[in-house]
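The next block holds one structure in the form of structure tokens; read it before the comments.
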Amino acid sequence: MSFLLPHLPEFGLGILLTLALIALGWAGAMVLGIVLAALRASPIRTLRTIASIYVLVFRNIPLPVQMVLFVFGLPLLGIQYSLFTSAAIVLIIYTAPFISETLRSGLNTVSRGELEASRALGFSPIGSMQRLILPQAFASMIQPMGNVLIMMVKNTSVAAVVGVAELTFTADKIAIDEVQPFIMLGGAAVAYIVIGLLLTRLVTALDRKVAFSR
Amino acid sequence: MSFTTFFDEPGPRARRRHRLLEIATCVAVLVIGLWVIVELSAHDVFSASAWAPFSQWGMWRLLGAGLLNNLTAAVTAMILSMVVGCLLAFGLLSPSWVLRRFCMGYTAIFNCIPVLLLLFFTSLMLPTWGVQLPDFWFLVIALTLYSGAVIGDLIRAGVQALPHGQSEAATALGFSPIRTIWLVLLPQALRSMSPAMVSQMVIIFKGTALAYVLGGYLELLHTATLIGSYYSQSALQALSVAAILFMLVNIGLSLLAGAIERREQRRFGTAATSDEAAQQAAMA
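Here the protein sequences come in this chain order: F and D.
Here my numbering = 1-based position in the first sequence + 1215.
Here my numbering = 1-based position in the second sequence + 1155.
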């Protein structure tokens, strides 16, 4: 295992970069996803169409293709960011449609009759939204949101395709340098499993906490 | 979900305002679109020389061959992961505690590992274990390891969603547990899961683009980058065409999944499988 010691900082940096990608990607995708969901619910048809087209396009192009297009294609147009920034942007762009779809289906789980009942009781649209719809919608959204989050955690590895030195890339590089593929890639897999299982636990705990007695 | 689900039906004034906003946003989109087109043509994106390689029939044959390679890998991985998934589902549904735990561990672990890492793993480890294979099989094995776990969980959910009477009746008729699952439960579960299976196919198809990092299997993304490095003035065009081809195939598959789901609903009056695993697979 002595070969590992000089590479420890590199490996740690890889894990840090992956965590940074997860945090940045999730925050950005959340914002963009909420905006998309709001656009798709808006009364203005142009905005609805734009959001639908966005979801259709960016959900159906594979992430590696988007990554390569963004990192190797856009510089030909004079648009260039650092590798890490590009990877984060592409992750945000790719994940946002999934989040907006989750938000939409979460809101759809609340039956229309409940909304009508609350309006009949004299709640304002905003009031019934905030007291009745959103709490229920959030409760049913947590599990699918967790699935999207774990999908995104796995997708951060695709940044390695364009050469961002995150966990997968670093592990692969050290594995080839030191001819120790089993230990290095196994170590990276363990790191991903730890992150993934921790997030699963967190989501399950959160789900139990806000669960409605339906 | 739409605006009118949550808010009041807009009155005449609000409707006039919405109409005005609609026109304004339309104009804004047109202006921005025009600006983008002008900006792109300033970089010779639409120039004839950049698109010249694509006027050759051979170029489209190359791209088509790349896409076909993606589809071949995806279909092979799908078939193999159905086999792995069925085996896993047997394990997950078995009365043996050890076997059940083992299969649950497999699903939990392979749900968390990125396919790219699996791809590096297969392409580095299999040769050192003396298994010399073309890059195609590294890709297929990596995709199968991951997707088998998802499909196993899907089949488990589909079987558990069936009414308990089905397996009781089969047992009463003297079927062994394996034959009960194989002849009674699995066919019904597979039928109700077909939309989720097509969605899983989309996921696998998207995953095949990762073979780009291996470089030994000419899938569409790799083909496009090779074209880009050969005709350097058409690099962006080649990548865009590849992206559009990927998109079209995926949209086609999604439409197929939607059609199957609607047919299921018409014929059996229920949504396919309402279990969480099915939703998860349909979403990713």
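Cβ coordinates follow ideal geometry from the N, Cα and C atoms, glycine included.
- Going by beta carbons, D:F1360 and D:N1225 fall inside the 8 Å limit.
- Annotation: the continuous alpha helix (DSSP H) that includes F:G1402 extends over 1396 to 1425.
- For F:T1383, the chain D residues whose C-beta falls within less than 8 Å of its own C-beta are P1269, L1271, L1272, F1275, listed in chain order.
- At least one C-beta of chain D is nearer than 8 Å to the C-beta of F:V1376.
- In the displayed model, D:P1282 falls within a helix according to three-state DSSP.
- From the beta-carbon of F:Y1269, no residue of chain D is found nearer than 9 Å; the closest lies around 12 Å away.
- Within the model, the alpha-carbon separation for D:T1159 versus D:A1397 is close to 39 Å.
- When CB distances to chain D are screened at a threshold of 8 Å, the residues of the segment 1321 to 1333 of chain F falling below it are L1322, N1323, R1327, L1330, in chain order.
- When the Cα atoms are used, D:G1303 and D:M1237 turn out to be separated by approximately 7 Å.
- Under the 8 Å criterion on CB atoms, F:M1344 is classed as interfacial with respect to chain D.
- When only Cα atoms are considered, F:Y1269 and F:V1246 end up about 15 Å apart.
- Counting other Cβ atoms within 10 Å of its Cβ, D:L1328 stays below 16 and is therefore classed as exposed.
- Only residues of its own chain outside the window of five on either side were considered, and among them P1396, M1399, L1400 have a CB closer than 6 Å to the CB of F:A1390, listed in chain order.
- Distance from the CA of D:M1356 to the CA of D:L1345, rounded to the nearest whole angstrom, comes to 14 Å.
- Selection F:L1220, F:F1218, F:S1217, F:F1226 evaluated against F:D1387 yields F:F1226 as nearest (Cα-Cα).
- Going by DSSP, F:F1313 is part of the alpha helix (DSSP H) stretching over 1298 to 1323.
- The segment 1369 to 1389 of chain F and the segment 1413 to 1428 of chain F do not touch, with fewer than three beta-carbon pairs separated by less than 8 Å.
- Within chain F, the residues placing a beta-carbon under 7 Å from that of D:V1368 are V1376, ordered along the chain.
- F:K1369 is the residue among F:R1423, F:K1369, F:L1322 whose C-alpha sits nearest the C-alpha of F:P1279.
- According to the DSSP assignment, D:M1233 belongs to the alpha helix (DSSP H) that extends over 1212 to 1248.
- It is roughly 12 Å from the alpha-carbon of F:A1302 to the alpha-carbon of F:Q1295.
- In the three-state scheme derived from DSSP, where H, G and I count as helix and E and B as strand, F:Y1269 is classed as helix.
- Non-local C-beta neighbours of F:G1243 in its own chain, meaning closer than 6 Å and more than five positions away in sequence, comprise I1307, ordered along the chain.
- For F:I1357, the three-state secondary structure derived from DSSP is helix.
- The closest CA to that of D:G1383, considering only D:A1207, D:A1183, D:E1177, is found on D:A1207.
- In the DSSP annotation of this structure, the continuous segment of the alpha helix (DSSP H) that includes F:G1328 starts and ends at 1327 to 1335.
- At least one CB of chain D lies nearer than 8 Å to the CB of F:D1387.
- For the options D:E1374, D:R1421, D:Y1386, the alpha carbon positioned closest to that of D:G1219 is the one of D:E1374.
- Legend: CB atoms of the segment 1156 to 1184 of chain D lying less than 7 Å from CB atoms of chain F belong to residues M1156, S1157, F1158, T1160, F1161, F1162, D1163, P1165, H1173, L1176, E1177, T1180, C1181, V1184.
- Annotated three-state conformation of D:I1268 is coil, per DSSP.
- For D:R1346, the enclosing alpha helix (DSSP H) stretches over residues 1341 to 1362.
- Among the residues facing chain F, D:I1382 is not included, as its CB has no counterpart in that chain under 8 Å away.
- A residue is called buried once 16 or more other Cβ atoms fall within 10 Å of its Cβ, and F:V1250, having fewer, is exposed.
- In this structure, DSSP gives F:P1279 a helical state, which the three-state scheme calls helix.
- For F:V1363, same chain residues with a beta-carbon under 8 Å away, outside a window of 5 residues either side, are T1310, F1313, I1314, T1317 in chain order.
- Counting along the chain, the unbroken alpha helix (DSSP H) around D:Q1321 starts and ends at 1319 to 1327.
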